[in-house]
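S.K.:
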Amino acid sequence: QFVKAGNILVRQRGTRFYPGKNVGIGKDFTLFALKDGYVKFKRRNNRKYVYVEEERA
606 QFVKAGNILV RQRGTRFYPG KNVGIGKDFT LFALKDGYVK FKRRNNRKYV YVEEERA
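Quick note: the sequence shown, position 6, residue 611 per this note's numbering, numbers continuous.
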């Protein structure tokens, strides 16, 4: 799904998802997009990561 910078990606209590590339984390563990692009999910080392892949021109 396409998101714009500043969009909230995940609201959570604790870090169920970890921020990946182009994703920021708020003090309440909310994940938000830092850049425009497409949301992707990845699992690495038993952790779930959310990242934003920038749109290619």
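We put the beta carbon where it would ideally sit given N, CA and C, even for glycine.
Values in this document were obtained by computation on a predicted structure and should not be read as measured data.
1. Rounded to the nearest angstrom, how far is the Cβ of F637 from that of I613, given a contact under 8 angstroms?
2. Rounded to the nearest angstrom, what separates L641 and G611 at their Cα positions?
3. Hey, would you say F622 sits closer than 8 angstroms to K645, going by beta carbons?
4. Going by the DSSP bridge assignment, what does L636 pair with across the sheet?
5. Looking only at C-alpha atoms, which of Q617, L639, R648 sits nearest to N627?
M.R.: With the given structure in hand:
1. On the sequence shown, residue 637 is found 32 positions in, with the first residue counted as 1. On the sequence shown, residue 613 is found 8 positions in, with the first residue counted as 1. Correct: roughly 5 angstroms between the Cβ atoms.
2. Position 36 of the sequence shown, counted from the first residue, corresponds to residue 641. Position 6 of the sequence shown, counted from the first residue, corresponds to residue 611. One detail in the question is off: residue 641 reads as Asp in this sequence, not Leu. So the alpha carbons of these two residues sit roughly 9 angstroms apart.
3. Locating residue 622 in the sequence shown gives position 17, counting from the first residue. Locating residue 645 in the sequence shown gives position 40, counting from the first residue. Cβ distance not < 8 angstroms, so F622 and K645 don't count as in contact.
4. Numbered from its first residue, the sequence shown carries residue 636 at position 31. According to DSSP, which records beta bridges pairwise, L636 is partnered with V615, I630.
5. Stepping through the sequence shown from its first residue, residue 627 is reached at position 22. Per the Cα distances, L639.
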